[in-house]
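Protein chains in written order, with the working numbering: chain W, 9 to 202; chain S, 9 to 202.
Number of protein chains: 2
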Amino acid sequence: MPERGDAIRQQIIEAANRLFYQRGYNQTSFRDIADAVSIPRGNFYYYFKTKDDILYAVIDHRIESIRATLAAWDATSTDPQHKLRLFLAMLRNSDSELAQYGCPMGSLNIELGKAQPVLKAKARQMFDLFRDWLTVQLTALEVSQPQAMALHLLGRAQGIAVMAQTYNDTALLHTEIDQLVNMLNAIPAKSALP
Amino acid sequence: MPERGDAIRQQIIEAANRLFYQRGYNQTSFRDIADAVSIPRGNFYYYFKTKDDILYAVIDHRIESIRATLAAWDATSTDPQHKLRLFLAMLRNSDSELAQYGCPMGSLNIELGKAQPVLKAKARQMFDLFRDWLTVQLTALEVSQPQAMALHLLGRAQGIAVMAQTYNDTALLHTEIDQLVNMLNAIPAKSALP
DNA sequence: GTCTATAAGAAGATAGAC
DNA sequence: GTCTATCTTCTTATAGAC
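Structural data, given as structure tokens:
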């Protein structure tokens, strides 16, 4: 059952989640988060002992969010090709955020990968979720190396996000996503096989 | 003619260049750079007034380095396809740095793009150099949309760098670069045209 | 559970002696 | 040109009153 204070804890996580994305983890201070939630700075430490603790909670929050998204896609259809299009549609629908702040998973991994290996290992778990889900869909489509193809797709998405943010250009993002959709449609549907 | 102190100024730029890449711009302090060059912190301000000034100098240094690299590639061959392979060979040769710290251009743009628009505009100039050089080569190869293709290639390289760093995996990088080499070789050579 | 006050240290930056 | 001392502000974090 929910304890008292859980609501504020949740507010902190959501504010930190947004700020870490928009400013970066190291560029976000306790003060920023406390101000966003309108609680005094000192009270902060009742909920989280260290800054790393908040990051872990934020990543866990994101992981749950990703799991929910993937489950929703799985519930929408049994056609793996259609599910993969949902993945690309998500990127397309996030165009303005991606052009402003880049990919939340990618930018966090790059930042932490520079000099915070322990935190980065945690952040990588978000990538693993997508990689494994994509691998399942590509296995169902019987492509030759499903996991390599899953990593390829993730990489393409990351590259598109970096370029869209670098040039602040959603049109570039749309053009590149279209190419991925075409590539996907070129995979022979399993039902067409003997 | 070189003034006194230029040698130390150059040492500062080179140390900052390395530290910005390995730790990130915002995660590198004056103290870090001063210690790396073994000069007292106070003396630092004789050479650079603000931290932004150092970043500008570092980016200018990188831009000169990129220009020199592109000029060297241009001098090596007149065959655009061969020159494009030199671009991909550079990525392959940087595999361990890319897997550790990501792409120096991409990671800097992502970091600054979050909340430092003025600095990011400067950092984007590095991308412009590669974009324009790639566009020239692809125009010579008479591909249909040379600039879009140049941005596509840059994006592919960025995506590969993000994945290589996220999974700390140079093998993944090699696999993906091989695909780019194959894609490049599939472009019909201009000399084969009527 | 909530809040105030404040510590301890690191950050960017300055003044001024040598 | 070089260096010491110092300032202010911000950061993470704690103690303890309410």
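Glycine included, each C-beta is placed from N, C-alpha and C at the ideal position.
Query	Result
Flag H160(W) as yes if its beta-carbon sits less than 8 angstroms from any beta-carbon of chain S, otherwise no.	yes
Tell me whether P196(W) is buried or exposed, calling it buried when 16 or more other Cβ atoms sit within 10 Å of its Cβ.	exposed
CB-CB under 8 angstroms to A83(W), same chain, minus the five flanking residues each way: which ones, in chain order?	none
Grab me the residues of V189(W)'s own chain with a C-beta within less than 8 angstroms of its C-beta, minus the 5 sequence neighbours each way, in chain order.	R93 and L96
For chain W, check one thing: does any of its Cβ atoms lie closer than 8 angstroms to the Cβ of L106(S)?	no
Taking only three categories from DSSP, how would you classify T58(W)?	coil
Start and end of the alpha helix (DSSP H) containing Y175(W)?	Unbroken run through Y175(W): none, as it is neither H nor E.
Considering only their Cβ atoms, is the gap separating N34(W) from A174(S) smaller than 8 angstroms?	Before going on, a small fix: residue 174(S) reads as Thr here, not Ala. No, Cβ-Cβ distance for T174(S) and N34(W) is not below 8 angstroms.
Thinking R139(S) and L159(S) are a contact (beta carbons under 8 angstroms), I'd like their distance in whole angstroms, please.	6 angstroms
Work out the CA separation of W81(S) and R31(S) for me, nearest whole Å.	30 angstroms
Less than 8 angstroms between the beta carbons of M191(S) and L162(W), yes or no?	no
Buried or exposed: where does K91(W) fall if 16 or more other Cβ atoms within 10 Å of its Cβ makes it buried?	buried
Please tell me whether L180(S) has its Cβ less than 8 angstroms away from any Cβ of chain W.	yes
Measuring alpha carbon to alpha carbon, tell me which residue in A179(W), D136(W), S115(W) and Q19(W) is nearest Y29(W).	S115(W)
In this structure, does DSSP put F52(W) in helix, strand or coil?	helix
Find the residues of chain S that neighbour K130(W), judging by a C-beta separation of less than 8 angstroms, and give them in chain order.	None at all; the shortest Cβ gap to chain S is about 12 angstroms.
Tell me the start and end of each unbroken alpha helix (DSSP H) in the segment 95-162 of chain W that is at least 4 residues and wholly inside, in chain order.	103-109, 112-123 and 125-148
Measure the CB-CB distance between A42(W) and L27(W) and report whether it falls below 8 angstroms.	no
Going along the chain, which residues of the segment 11-37 of chain W sit with their C-beta nearer than 7 angstroms to a C-beta in chain S?	Q30, R31, G32, N34 and Q35
Determine, for V126(W), whether the minimum Cβ-Cβ distance to residues of chain S falls below 8 angstroms.	no
Return the CA-CA distance between A156(W) and A179(S), expressed in angstroms with no decimal places.	11 angstroms
Of the residues that make up the segment 137-171 of chain W, which ones have a beta carbon closer than 8 angstroms to any beta carbon in chain S?	A156, L159, H160, L162, G163, R164, A165, Q166, G167, I168, V170 and M171
Assuming L127(W) contacts I71(W) (C-beta within less than 8 angstroms), just tell me the rounded distance between them.	Contact flag wrong, Cβ pair sits at about 14 angstroms.
Please identify, using Cβ separations under 7 angstroms, the residues of the segment 83-112 of chain W that lie next to chain S, in order along the chain.	Y109 and G110
Is it the case that the Cβ atoms of R100(S) and I168(S) are separated by a distance below 8 angstroms?	no
Report the neighbours of N117(W) on chain S: residues whose CB is nearer than 8 angstroms to its CB, in chain order.	V170, Q173 and T174
Answer yes or no: does any C-beta atom of chain W fall closer than 8 angstroms to that of A44(S)?	no
Check whether the Cβ of T183(S) lies closer than 8 angstroms to any Cβ atom in chain W.	yes
Looking at the structure shown, is Q166(S) part of a helix, part of a strand, or coil, going by DSSP?	helix
So, with DSSP's three-state summary, where would you put A15(S)?	helix
Report buried or exposed for P233(S), applying the criterion of at least 16 other Cβ atoms within 10 angstroms of its Cβ.	Residue 233(S) is absent from the model: chain S starts at 9 and stops at 202.
With a threshold of 8 angstroms between beta-carbons, can K59(W) be considered close to chain S, or not?	no
Could you give the residue range of the alpha helix (DSSP H) that holds I41(W)?	F38 to V45
Use the C-beta contact count for A76(W): other C-beta atoms within 10 angstroms, 16 or more gives buried, fewer gives exposed.	exposed
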